[in-house]
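Colleague: Let me give you the structure first, and then I'll get to my questions.
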Amino acid sequence: MTRTHPTIQSLGINDLVNFDFLDPPVEDTMIRSLSQLYALGALNDRAELTKLGRRMAEFPMDPCLSKAIVVAEKYECTDEVVSVCAMLSEQSSLLYRPKDKKILADTAHQNLVKPGGDHLTLLNIWNQWVETDFSVQWCYENFVQVKTLERVRNVRDQLVQLMDRVEVKLVSNPNPNDPIPIQKSITSGFFFNAARLNKSGDSYRTVKQNQTVHIHPSSGMLEKKPKWLVYFELVLTSKEYMRQVMEIQPSWLLDVAPHYYKQSDLDNLDDKKKMPKKGQ
């Protein structure tokens, strides 16, 4: 989905719907994007940047990612979340699987998987590479693209500099064995992308859009299939697939986005499919 970035509002352009763009976006898309920024807390009800929105605008990235970084300060895990966000920017070209070493590659990749979701696996890959002093050999042994990790390192360094500019402190999770602060921070940015496992167990249904989606085959969560999750993005091939999924508790949605979710949104989700649409 096309998203409006709060940087546009930071330039003093508030009436985006009527603004004279050289290549104007579709009006419905613009309105949806503005609604998303409002739900993220980046805009107030007059479509003006909030204090949170001004901080988010400093990060040249998806607003969902910038929201996660800023909110991570509250959960005292900005060090981990900025690493995850940098990894997400390059996740599509991170791992490789040579035809003549498929079993070795699959085993190596499986050993990198962390409980809780793909975001935590990305963080584990980053941390292991850092611990080996950015070793090229480690990348070869684990079938991870070294050039991709080098790009991640560059992106992360830039994000840390921007964090300093907006006075977001770089702090590490005080309890490395407790990933919940990291998961809640990411959920704060991606609460739109929440989905619940269907009763059949073979697919998911998005909470708000009531859309049938599936975990991408490359996900480390494919076998576990948590009941609730959030995803980074949707990819349409033979099915609508969720890439980079993370297990959540439904109560977190109420915690991080009480203005967007009500308990009724989370109850009896599977029954929505049976409900007739308006006008039917």
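1 is the number of the first residue of the sequence shown in the UniProt record's numbering; add one for each residue after it. Where a beta carbon is used, it is the ideal one built from N, C-alpha and C, also for glycine. Keep in mind that this is a model prediction, so the values were computed, not measured.
(1) Go through its chain and collect everything with a Cβ distance to Asp267's Cβ below 6 Å, but skip five positions before and after it.
(2) Nearest-angstrom Cα distance between Val152 and Asn175?
(3) So what does DSSP say about Gln244, is it helix, strand or coil?
(4) Which partner residues does Leu120 have in the DSSP bridge list?
(5) Taking only beta-carbon atoms, is Ala108 less than 8 Å away from chain C?
(6) Which of helix, strand or coil does DSSP assign to Ala57?
(7) Would you identify the three-state DSSP class for Phe21, choosing helix, strand or coil?
(8) CB His119 to CB Gln244, shorter than 8 Å?
(9) So for Asn210, helix, strand or coil by DSSP?
(10) Alpha carbon to alpha carbon, what distance is there between Pro115 and Gly220?
(11) With a threshold of 6 Å on Cβ separation, who are the neighbours of Arg55 within its own chain once the five nearest residues in sequence on each side are excluded?
(12) In terms of residue numbering, what span does the alpha helix (DSSP H) encompassing Phe190 cover?
(13) How about Ile215 and Met242: are their beta carbons less than 8 Å apart?
(14) Skipping 5 residues on each side, what residues in its chain have a beta carbon closer than 6 Å to that of Phe59?
(15) Leu236 to Leu159, Cα distance in whole Å?
(16) What is the C-beta distance between Pro63 and Leu34, in whole angstroms, given that I count them as a contact (C-beta under 8 Å)?
(17) Decide if Phe143 is buried, meaning its Cβ has at least 16 other Cβ atoms within 10 Å, or exposed.
(18) What residues in its chain sit with their C-beta under 8 Å from that of Gln145, if we drop five residues either side in the sequence?
(19) Starting from Val84 and walking both ways along the alpha helix (DSSP H), at which residues does that stretch end?
(20) Leaving out the 5 sequence neighbours to the left and right, which residues in its chain are closer than 6 Å to Leu254 when beta-carbon positions are compared?
(21) I believe Leu123 touches Ser172 by the beta-carbon criterion, under 8 Å. Please report the beta-carbon distance rounded to the nearest angstrom.
(22) Buried or exposed, going by whether 16 or more other CB atoms sit within 10 Å of the CB of Pro73?
(23) In angstroms with no decimal places, state the Cα-to-Cα distance between Ser264 and Phe134.
(24) Run through DSSP, which three-state label would Val160 get?
(25) Are the beta-carbon atoms belonging to Ala68 and Cys85 less than 8 Å from one another?
(26) Label Pro98 either buried or exposed according to how many other C-beta atoms from any shown protein chain fall within 10 Å of its C-beta, with 16 as the threshold for buried.
Modeller: So, from the data block:
(1) none
(2) 24 Å
(3) Note: Gln244 maps to strand in three-state DSSP.
(4) Looking at the DSSP assignment, Leu120 forms no beta bridge with any residue, so it has no partner.
(5) Structure shown: chain C not included; a single protein chain is present.
(6) coil
(7) Any reading at Phe21 needs caution, since the residue's pLDDT is 42, under 50, leaving its predicted position unreliable; the model's value is listed next. In this structure, Phe21 counts as coil in the three-state DSSP scheme.
(8) Yes, Cβ-Cβ distance for His119 and Gln244 is below 8 Å.
(9) coil
(10) 9 Å
(11) Val70 and Val166
(12) Per DSSP, the unbroken alpha helix (DSSP H) holding Phe190 starts and ends at Ile180 to Phe190.
(13) yes
(14) Ser66 and Leu162
(15) Cα to Cα, the separation comes out at about 30 Å.
(16) Contact between Pro63 and Leu34 is absent: CB atoms are separated by about 11 Å, not below the 8 Å threshold.
(17) buried
(18) Only Ser93, Leu94, Leu95, Tyr96 and Cys139 meet the Cβ criterion.
(19) Thr78 to Leu88
(20) Tyr261
(21) Not quite, the Cβ-Cβ distance comes to about 12 Å (not below 8 Å), so this is no contact.
(22) In the sequence as presented, Pro is not what sits at residue 73; that position holds Glu. Result: buried.
(23) 47 Å
(24) Of the three classes helix, strand and coil, the one that applies to Val160 here is helix, per DSSP.
(25) One thing to note: Ala68 has its Cβ within 8 Å of the Cβ of Cys85.
(26) exposed
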